[in-house]
Amino acid sequence: MILDIDISLPLTLGCGQAHRWQRQGDVWEGVVDGKVLLLRPREGGVEAIGHLSRSRIMDYLRADDDLDAIYGSVAVDALMRDLTARYRGLRLLRQDPWECLATYLLAVNANVKRIGSMVEGLCRTFGDDLGGRHAFPRAEQIWERHQELDACRLGYRCQRMRSLAASVANGELVPDELRGLSYDECVHRLKNIPGVGDKVADCVALFSMDHLQAFPVDARIGRSLRENYGVSGSYHRCSAFGRGRFGPYAGYAQELLYQSEGESSWLGQTQAGGL
DNA sequence: CATCAACCTGATCA
DNA sequence: ATGATCAGGTTGA
Numbered sequence: 087m088i089l090d091i092d093i094s095l096p097l098t099l100g101c102g103q104a105h106r107w108q109r110q111g112d113v114w115e116g117v118v119d120g121k122v123l124l125l126r127p128r129e130g131g132v133e134a135i136g137h138l139s140r141s142r143i144m145d146y147l148r149a150d151d152d153l154d155a156i157y158g159s160v161a162v163d164a165l166m167r168d169l170t171a172r173y174r175g176l177r178l179l180r181q182d183p184w185e186c187l188a189t190y191l192l193a194v195n196a197n198v199k200r201i202g203s204m205v206e207g208l209c210r211t212f213g214d215d216l217g218g219r220h221a222f223p224r225a226e227q228i229w230e231r232h233q234e235l236d237a238c239r240l241g242y243r244c245q246r247m248r249s250l251a252a253s254v255a256n257g258e259l260v261p262d263e264l265r266g267l268s269y270d271e272c273v274h275r276l277k278n279i280p281g282v283g284d285k286v287a288d289c290v291a292l293f294s295m296d297h298l299q300a301f302p303v304d305a306r307i308g309r310s311l312r313e314n315y316g317v318s319g320s321y322h323r324c325s326a327f328g329r330g331r332f333g334p335y336a337g338y339a340q341e342l343l344y345q346s347e348g349e350s351s352w353l354g355q356t357q358a359g360g361l
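87 is the number of the first residue of the first sequence in our numbering; add one for each residue after it.
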């Protein structure tokens with residue numbers, strides 16, 4: 087199936103916003119809605135293989151986002167004009183709220199590589215076997231056998247995951263219901279969850295709840311703001327700067343800055359430069 | 001409201 | 001090889 091969409095798969099799927107995509111050559115393999123999905127660049131679009139409908143995939147890839155309008159809106163200075171040109175085709179994804187929340191709960195104080203290993207471990211332990219890959223587990227699946235969380239090497243995230251799985255499994259918390267709320271209310275509710283602070287709440291709001299003005303500030307974005315804009319200080323201060331400067335699509339600006347900062351630090355350490 | 005130590009693991013440094 | 005150091009958000013003092 088060929089999808090008519092302007093997108094860079096490496097930038098979109100490899101930038102760290104989602105953690106279940108694996109690259110094999112130019113083919114990207116991920117798991118969406120409990121189904122394996124293969125994506126490959128094609129002239130003028132993307133080829134998709136898997137048991138997902140066209141509309142479901144287009145929804146996941148946020149094909150409804152008008153990249154020209156969004157990039158134009160965040161290109162408020164020379165740096166952002168450069169990044170919007172350099173990283174054209176980088177899209178935010180519209181991830182499942184439960185999976186996104188659970189994933190970013192684990193992402194606390196961990197780098198991208200470790201997040202991936204914790205998430206894959208969680209999926210192997212609790213998720214449906216899809217033959218090779220595993221689905222992201224439902225909260226009930228984790229809660230039913232939550233003793234096995236102890237072997238997942240989650241550190242102090244273990245108790246938080248147990249607690250989160252319990253409250254979602256028993257219906258106390260319904261991640262999908264947070265989708266309809268305003269940005270402020272959404273973040274407020276998320277931060278009431280043990281283990282969810284400013285950064286995780288902003289990530290979940292941005293990556294799964296359509297709040298494109300969210301501007302998550304992690305260590306990398308903090309460095310970028312300091313280097314490029316001379317901004318530092320509290321989370322609130324940095325995040326408010328991002329939202330104020332870049333506007334309603336600040337989340338897109340954040341991803342562009344994240345990508346840029348990642349490449350510059352990567353080049354700094356990799357003298358050999360191959361690849 | 002700002003600061004800061006403690007938390008857990010894996011990677012990297014001496 | 002072994003131990004020290006560091007990276008990375010949230011919490012509560």
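By construction, the Cβ of each residue, glycine as well, lies at the ideal position given by its N, Cα and C atoms.
DSSP beta-bridge partners of residue i
{"i": "E133", "result": "I88 and R126"}
{"i": "K121", "result": "V118"}
{"i": "Q110", "result": "V113"}
{"i": "D288", "result": "Paired residue(s): none; D288 is not in a bridge."}
{"i": "D215", "result": "H220"}
Cα-Cα separation between residue i and residue j, rounded to whole angstroms
{"i": "R140", "j": "V122", "result": "14 Å"}
{"i": "E129", "j": "P183", "result": "32 Å"}
{"i": "E258", "j": "Y321", "result": "29 Å"}
{"i": "R306", "j": "Q227", "result": "34 Å"}
{"i": "S268", "j": "K277", "result": "14 Å"}
{"i": "Y146", "j": "F332", "result": "24 Å"}
{"i": "V162", "j": "R172", "result": "15 Å"}
{"i": "L95", "j": "G158", "result": "21 Å"}
{"i": "R246", "j": "C272", "result": "19 Å"}
{"i": "C101", "j": "Q345", "result": "7 Å"}
{"i": "L240", "j": "K199", "result": "13 Å"}
{"i": "D168", "j": "V160", "result": "11 Å"}
{"i": "G348", "j": "R309", "result": "10 Å"}
Residue j beta carbon less than 8 Å from that of residue i
{"i": "Q181", "j": "A104", "result": "yes"}
{"i": "V132", "j": "L89", "result": "yes"}
{"i": "R177", "j": "R148", "result": "yes"}
{"i": "L97", "j": "W107", "result": "no"}
{"i": "D112", "j": "P127", "result": "yes"}
{"i": "C209", "j": "A221", "result": "yes"}
Beta-carbon proximity list for residue i, same chain, < 8 Å, skipping 5 on both sides
{"i": "N314", "result": "L165 and L343"}
{"i": "R275", "result": "L264 and L267"}
{"i": "C244", "result": "L235, D236 and C238"}
Spatially closest choice to residue i from the options, by CA coordinates
{"i": "G281", "options": "G308, L147, R248 and R200", "result": "R248"}
{"i": "E230", "options": "E206, D112, L250 and L216", "result": "L250"}
{"i": "E263", "options": "S294, D215 and A134", "result": "S294"}
{"i": "L138", "options": "D168, V160 and M87", "result": "M87"}
{"i": "A252", "options": "D270, E115 and H232", "result": "H232"}
{"i": "I143", "options": "A155, E347, L125 and G319", "result": "L125"}
{"i": "Y242", "options": "G283, L192, I201 and E206", "result": "L192"}
Close-in-space but distant-in-sequence residues of the same chain around residue i (CB under 7 Å, 5 per side omitted)
{"i": "D92", "result": "L153 and G175"}
{"i": "V254", "result": "W184, A225 and P261"}
{"i": "Q340", "result": "F301, P302, I307 and G328"}
Residues of its chain near residue i, where Cβ-Cβ distance is below 6 Å and the 5 sequence neighbours each way are ignored
{"i": "L298", "result": "Y335 and G337"}
{"i": "V303", "result": "Y321, C324 and S325"}
{"i": "S350", "result": "none"}
{"i": "F212", "result": "P223, Q227 and I228"}
{"i": "V286", "result": "Y190"}
{"i": "L311", "result": "V317 and C324"}
{"i": "C289", "result": "Y190 and P302"}
{"i": "L187", "result": "P261 and V290"}
{"i": "I156", "result": "Y335 and Y338"}
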